[in-house]
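See below for the structure under consideration.
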Amino acid sequence: MSPEIQNKLIGDVNAVYIPIEPDNFHNVIIALKSIKNFMGANITIPYKESIIPYLDEISDDAAFCGAVNTIYRIGIKWYGANSDIVGFSDALKYDLKFDIGGKDVVLLGAGGAARAVITAIGNDAASITIMNRSIENAKKLVELFSGKLKCKFMIKRWGEEFKTDLIVNATPIGLQGDMLPIGLKNAPLFDLVYSKIDTPIVALYKHHNKPAIDGKQMLYRQAKASFALWKGIER
Ligand code: NDP
Numbered sequence: 002m003s004p005e006i007q008n009k010l011i012g013d014v015n016a017v018y019i020p021i022e023p024d025n026f027h028n029v030i031i032a033l034k035s036i037k038n039f040m041g042a043n044i045t046i047p048y049k050e051s052i053i054p055y056l057d058e059i060s061d062d063a064a065f066c067g068a069v070n071t072i073y074r075i076g077i078k079w080y081g082a083n084s085d086i087v088g089f090s091d092a093l094k095y096d097l098k099f100d101i102g103g104k105d106v107v108l109l110g111a112g113g114a115a116r117a118v119i120t121a122i123g124n125d126a127a128s129i130t131i132m133n134r135s136i137e138n139a140k141k142l143v144e145l146f147s148g149k150l151k152c153k154f155m156i157k158r159w160g161e162e163f164k165t166d167l168i169v170n171a172t173p174i175g176l177q178g179d180m181l182p183i184g185l186k187n188a189p190l191f192d193l194v195y196s197k198i199d200t201p202i203v204a205l206y207k208h209h210n211k212p213a214i215d216g217k218q219m220l221y222r223q224a225k226a227s228f229a230l231w232k233g234i235e236r
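Everything in the sequence shown is counted per the numbering used here, starting at 2 for the first residue and increasing by one.
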């Protein structure tokens, strides 16, 4: 979906956004950086960390999160940012219309997207409970952020019952029509998964008139933030 969004944002600028699947990541990055009129790129899994050594500077929140999803050039220098962070916080605030201040959050998943979510809300939420398939990866994530943000961190086993103010799905569950193992809850749901149709959990929430969004608004907002960096527009 990103090429569709970006090529619309590009409008009449003489540019095009194309998906590249590198056979050799190092060679591709070196080649792209050597193209004079190359504006920049989004970097996706599994390269969000491995791109960092190729950059001259990265933004504070990307450094904190440990992942870069946008690279851009100013003069002869290459910079990295993470637009997933602002994409998530803006979608939470303006699309789900949820005020995170002092709230308890259950976060499903402990991968790269979970790290962006924690970076986005970790100083405003009261607590973040990580629920992940692998408890080891949940522990690693908590170790990474513990003491660096104002919120309290907790861990629950995958599928364990919980009460919370907000549920965030940062796993790919739903992409293949599979159902998150949480059932219908009173807390609003932010599902990061994006596809043309609603994921089963978002469909269930909507069927019961409960507040829920999928990842499309976040994707659009992170795309706009990346585009602004390539065009040199301040947010
Ligand atoms: P990662 O591969 O880094 O992490 C995936 C996480 O999901 C891990 O914690 C993994 O658990 C868990 N997981 C994977 N498969 C299953 C399963 N079958 N059952 C239970 N848990 C599972 O991926 P990302 O964090 O980068 O991305 C996660 C999702 O978020 C993707 O669907 C991605 O498209 C979406 N996303 C959406 C964005 C948007 O703009 N809307 C932006 C970024 C991501 P374990 O540790 O046990 O392996």
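The C-beta atom is built at its ideal place from N, Cα and C for all residues, glycine as well.
| Asked | Found |
| --- | --- |
| K157 to N28 span [Cα, whole Å] | 42 Å |
| Host alpha helix (DSSP H) of G41 (start-end) | Element bounds for G41: not the alpha helix (DSSP H) but the beta strand (DSSP E), 41-43. |
| Minimum C-alpha distance to H209 - residue among G184, K140, M2, A224 | G184 |
| Through-space distance from A139 to M180, alpha-carbon basis | 21 Å |
| Beta carbon of A63 nearer than 9 Å to that of S90 | no |
| Inter-residue Cα distance where the pair is I19 and I6 | 11 Å |
| Beta carbon of D125 nearer than 9 Å to that of G102 | yes |
| Same chain, Cβ closer than 7 Å to L205, five either side skipped, listed in chain order | L185 |
| G81: first and last residue of the uninterrupted beta strand (DSSP E) it sits in | 78-82 |
| Residue from A224, P212, I174, P189 whose Cα sits closest to the Cα of P201 | I174 |
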